[in-house]
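For reference, each letter of the sequence shown is one residue, going 4 to 546 in our numbering.
We treat Cβ as the ideally placed atom computed from N, Cα and C, and that holds for glycine.
Take a look at the structure below.
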Amino acid sequence: MDPGRVYAAFDRADAALSAADGEPVADVRRLLAESRDRLKARMRIALVGRISSGKSTLVNALLGAAPAPTHALELTFNVCRFRHADPAGLIVHHKDGAPPAAYPLEEMERLAVRARARDPELQALLRRIDHLEIGHPSPQLLAHDLIDTPGLDSTYGEDSANALRWLGRSGDEVHAASVRHAARADALVAVFDRGLSGEFAALLGDFAGTGFDTAGPVTTVGALTKVEHYWPLAPDPLAEGRRVAEFLMESAGARRLLFELRPVAGLLGSAASTFTEEDHADLVTLSRLDQDALARHVRRGPHFAGRELPDVPVPAARRAGLLARFGAYGIVTACCLVREDAEDIGALRAELLERSGVQDFRRLLLDHFGNRAEVIKVNRVVQQARSLTGRLPAGLRPALSDLTALEFREHAFLELAVLRDHYAGRLTLGARETEELLRVTGEHGTSPAARLGLPEGTGAGALAEGAGAGVGRWARADALGEHSGASRGAVRVIRRSYELLLHRVTASGTSEAVEPSVEASVEASGVSEALDASEEGIGAGHG
């Protein structure tokens, strides 16, 4: 997609509306300006789920830091937006329209301890908060912003209800805030607590009703959290999480909404990046105990954290800290890894991240969302422009036609439509063809090499040969009529994707270097013969 064409469509829309008067026109121009600014910003990914489903712990695990307090229940009643910033900081946005106020990040703890606050000034501030914006130097935030929403619940337990009453808010208001901020995001992570798998279908309904008008597999992935609690019944909780996730995806019809549901041991992932050198020394000490004896101790939870244990050479207070940070499964896993020669703190961090599923989930966000960030954001713009058209007087509605027409003029939107057909089960492509569809549309990267399944750094001639071969394969499939309906439309879109790749790599190389390869690849594919056969069939009345 050419950004220049997108911004030119904005310019033409604004120019057409600039001479018109009236509040509706002014509102539309303001919203279009905001949309244009959003295109230049990082992608926004919102985490949505029930209260205490592990959203904040997952945020900390993804960031490789702990900017989001997870022990203060009341904090979950605020939307928290995490963006890249160095130095770190905190900005409070108010419900009453007052200018945002900057605070040191350390103030987040003070703003979280609501039900215990006795300072009238602090109480007044807490009641005015709309959302918190947290700037943090985590490199993970270079790719996208993360939005941690309070929860989709509208009813709460006694402690939560008491905190809400103290704030002068209701569960419905918290639900509405979650929905409002999720609807402003470009993509969603639907967070499911592994303990609620029996309610999975109902939870899917909650997510479908978030007001996120483009929710679907292109823009939504799922996280099955707290899978560490499958241990000790499941020796490998991540493997058990994958089994449960696959079952839920198949049995609950989740593929209509989610691209994928991945298991994550969020507590272990968060601990992997944030444990201290003292924690590491204690883990090394614990690793010298008999493995079965250590497992028996940590399974007893409070007993392990609060009792003096003569056979455990780590003080109770520090054991309590380890249990809170790692959980029982995390302690046993870390000690096992230390025994297996991961005693170095850097090696232990890296291995724990892999064992937690966090690294896998980071890659999922980057591959599935990051590689399509621009088209997903522009798609949001197109949908908004379509909704704004109805706010304008009839004579001014054509002013937005260039924006809404992007959906039909830009090939990236055709690819997006084919992906939606694929996820909705409307295509009959084979496994190899489906993988090629995902790859050429950017699932594994947006460079020509990644789209062609070739190593980065491949020369222009080889890239052109690969693109030409792709054109040939899909032109032949189209000419022979191997597919019908939505699948035949997909074949033509994929063919065009290869043609555009071929043009791109040919333009970047020399014609002498690439033209023979292109001709050879097209000739080898048998496209000419297929086209001739197709034309003969049409001429004979068999088309």
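Inter-residue CB distance, L108 and I137 (contact presumed, cutoff 8 Å): 7 Å
Short of 7 Å in beta carbon distance, which residues of its chain neighbour T449, apart from the five on each side in sequence? Order them along the chain. N374
D148 versus E231: straight-line alpha-carbon distance, rounded: 26 Å
On the premise that D424 lies in contact with L417, defined as a C-beta separation below 8 Å, what is that separation, rounded to the nearest angstrom? 11 Å between Cβ atoms; not a contact.
With DSSP collapsed to three states, give me the class of I348. helix
Going residue by residue through the stretch 245-309, where are the continuous beta strand (DSSP E) segments of at least 3 residues, counting only ones entirely within it? 264-266
Using a 10 Å radius around the Cβ and a threshold of 16 neighbouring Cβ atoms, would you call E26 buried or exposed? exposed
Assuming A248 and L227 make a contact with CB atoms under 8 Å, what is their CB distance in whole Å? 5 Å
Which residues in the same chain have their Cβ closer than 6 Å to the Cβ of R190, if we skip the five residues on either side of it in sequence? The residue asked about is misnamed: residue 190 is Ala in this sequence, not Arg. Around A190: I48, T222, F372.
Proximal residues to S500 (C-beta, below 6 Å), its chain only, five neighbours per side dropped: V443
Going by CA-CA distance only, name the one from L270, V361, E281, E343 that's closest to G333. L270
What's the gap between the Cα of T437 and the Cα of L409? 26 Å
Span separating the alpha-carbon of T336 from that of E243: 16 Å
Using a threshold of 7 Å, state whether the C-beta atoms of G208 and L261 are closer than that. no
Figure out for me which residue from V361, A465, I132 has the closest Cα to the Cα of I94. I132
Please report the straight-line C-alpha distance between S531 and L503, rounded to a whole angstrom. Below a pLDDT of 50, predicted positions are generally treated as unreliable, and S531, at 41, falls in that range; the measurement from the model is reported next regardless. Rounded to the nearest angstrom, the two C-alpha atoms are 20 Å apart.
Sorted by chain position, which residues of the same chain lie with C-beta nearer than 6 Å to M111's C-beta, five sequence neighbours on each side aside? L93
I need the boundaries of the beta strand (DSSP E) containing D151, first residue and last residue. 147-151
Indicate the three-state DSSP secondary structure (helix, strand or coil) for V315 in the structure shown. coil
Unbroken alpha helix (DSSP H) run spanning E136, endpoints: Careful: E136 lies outside any alpha helix (DSSP H), inside the beta strand (DSSP E) at 132-139.
So R507 and A478 are supposed to be a Cβ contact under 8 Å. How far apart are they, rounded? Not really, about 18 Å apart at Cβ, beyond 8 Å.
Note down, one range per segment and in chain order, each alpha helix (DSSP H) of at least 4 residues found wholly within the stretch 408-436. 409-412, 414-426
Would you identify the three-state DSSP class for L227, choosing helix, strand or coil? strand
Per DSSP, what kind of secondary structure is D405 in: helix, strand or coil? helix
Span of the beta strand (DSSP E), counted from its first residue to its last, around R47: 46-52
Quick check: the Cα distance between P140 and R383, rounded to an integer number of angstroms? 28 Å
Exposed or buried, what is F307 when buried is set at 16 or more other beta-carbons lying within 10 Å of its beta-carbon? buried
Could you check which residue in H134, A470, A275 has the C-alpha nearest to that of G349? A275
Beta-carbon within less than 8 Å of G309's beta-carbon, same chain only, minus the 5 sequence neighbours each way: which residues are those? A319, A323
Around the C-beta of F195, are 16 or more other C-beta atoms found within 10 angstroms, so that it is buried, or is it exposed? buried
By Cβ distance, which residues of its chain are closer than 8 Å to A257, with the 5 residues on each side in sequence left out? F203, L207, G225, L251, L264
Determine the extent of the beta strand (DSSP E) in which F85 is found, giving its start and end residues. 82-87
Does P451 pass the burial test, meaning 16 or more other C-beta atoms within 10 Å, or should it be called exposed? buried
My output table needs one value for H486: the three-state DSSP class, helix, strand or coil. coil
Inter-residue spacing [alpha-carbon to alpha-carbon] between L66 and Q143: 6 Å
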